[in-house]
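> Following the numbering used here, the numbering of the sequence shown begins with 2 at its first residue and continues without gaps. Here a beta-carbon is modelled for each residue, glycine too, at the ideal position from N, C-alpha and C. Computed from a prediction, not measured in an experiment: that's the story for all the values here. My questions all concern the structure below.
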Amino acid sequence: MTSHLIKGRRVTLPVEVRDATVCAAVYLVRADAARAVLAYADQDVVEVLPGKALCALGFIRYADGDLGSYNEFGMGFLVRPPGAVRPPARGRMSGIKDLRRNGSGAFVHWLPVDQSFTLEAGRSIWGFPKELAEVDLRLSSPYKRCILRKDGRLVLDLLIKPGMPVPGPPPPGVPIPGLPLPGGGSVDLDAYTRLDGVTRRIPWTTRPRGLRTRPGGALIRLGNHPIAKELSELGLPKRALLTATATHVKMTFHPAHHLAAPRPHEH
2 MTSHLIKGRR VTLPVEVRDA TVCAAVYLVR ADAARAVLAY ADQDVVEVLP GKALCALGFI
62 RYADGDLGSY NEFGMGFLVR PPGAVRPPAR GRMSGIKDLR RNGSGAFVHW LPVDQSFTLE
122 AGRSIWGFPK ELAEVDLRLS SPYKRCILRK DGRLVLDLLI KPGMPVPGPP PPGVPIPGLP
182 LPGGGSVDLD AYTRLDGVTR RIPWTTRPRG LRTRPGGALI RLGNHPIAKE LSELGLPKRA
242 LLTATATHVK MTFHPAHHLA APRPHEH
């Protein structure tokens with residue numbers, strides 16, 4: 002059993018989240034723009050449609066877990082596993098064939114949090130790109146809202162309108178960070194990160210309850226932070242492909258697997 006000492010406190014893996022609320026919006030974005038955002042990462046997006054990739058924006062309130070209670074925002078992309086060759090685009094179904102052939106994972110590009118302990122744990126244990134920010138979550142009203150500020154600048158204001166309840170196990174889907182949509186009561190995903198020149202794969206299990214989903218369902222306003230500029234270059238604000246919320250989610254984060262060492266002169 003692996004453990005890490007974080008700020009004088011022992012954290013044993015796997016790390017368990019016993020209760021969290023998850024809200025996410027998924028967008029179809031230009032694949033070339035997504036590749037430009039991820040140029041540092043040695044990862045390639047899945048083209049779910051020719052020239053189109055998936056970008057997910059999600060916010061989570063961790064109410065009970067091994068790393069304490071905190072708020073988090075995530076920005077990620079659907080990517081093919083490292084080493085998988087990009088197939089030629091041949092028709093609208095080529096992306097689905099790519100997913101079936103190579104599988105996929107969720108690359109976590111940015112992960113601001115509002116507590117320092119989870120920041121240190123996330124960076125040192127898994128290489129998650131966590132940064133301190135003001136993650137203002139408003140979850141008590143029917144509409145779920147996140148107002149995200151970093152260094153005193155507005156990054157975004159994201160409002161999600163919950164959809165219809167999904168009865169039984171979640172329907173089949175694809176692994177998007179923060180979005181508990183793949184099939185089965187217990188969902189095994191691969192998250193990928195790159196920090197300090199090292200690529201890591203983190204096996205991650207989610208068990209969602211109270212899932213609602215719908216086409217569209219998101220309103221987003223961008224601020225003047227550099228991440229907001231990245232989102233605008235991806236084509237946002239625009240209509241979301243779909244949104245999802247889950248009122249009670251359990252998660253398990255397993256030890257990270259290092260996939261790539263730092264390249265010379267990489268910072």
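(1) For the beta strand (DSSP E) holding S4, just list the boundary residues, first then last.
(2) Whole angstroms are fine: how far does the CA of K145 sit from the CA of A107?
(3) Per DSSP, F60 is paired with what?
(4) Going by C-alpha to C-alpha distance, which of L138, L220, K230 and R208 sits closest to N72?
(5) Leaving aside the five residues before and after H255 along the sequence, list all residues of the same chain whose C-beta is less than 8 Å from its C-beta, in chain order.
(6) Tell me the DSSP bridge mates of V133?
(7) Tell me the DSSP secondary structure of L68 in three-state form.
(8) Excluding sequence positions up to five away, which residues of its chain have a Cβ less than 7 Å from the Cβ of L44?
(9) Measuring straight from C-alpha to C-alpha, what distance separates E234 and A21?
(10) Helix, strand or coil for P178? Go by DSSP, reduced to three states.
(11) Relative to the C-alpha of D197, which residue among V46, R124, V12 and E17 is closest?
(12) Which parts of the stretch 222-249 are runs of the alpha helix (DSSP H), unbroken and 4 residues or longer, counting only runs that do not cross its ends?
According to the data block:
(1) S4 to I7
(2) The alpha-carbon separation between A107 and K145 amounts to approximately 23 Å.
(3) According to DSSP, residue pairing for F60 in a beta bridge involves C24 and F74.
(4) L138
(5) Cβ within range, chain order: L14, P15, I203, P204, W205 and T206.
(6) Just to set this straight, residue 133 is Leu in the shown sequence, not Val. Residue pairing for L133: DSSP places it in a beta bridge opposite V114.
(7) Three-state result, L68: coil.
(8) Residue 44 is actually Gln in this sequence, not Leu. Here the set comprises V80, P83, F108 and Y193.
(9) 31 Å
(10) Bear in mind that a pLDDT of 47 at P178, under 50, signals an unreliable position, so the number given afterwards is only what the model happens to contain. Three-state result, P178: coil.
(11) Taking only the C-alpha atoms, the option nearest D197 is R124.
(12) 227-234
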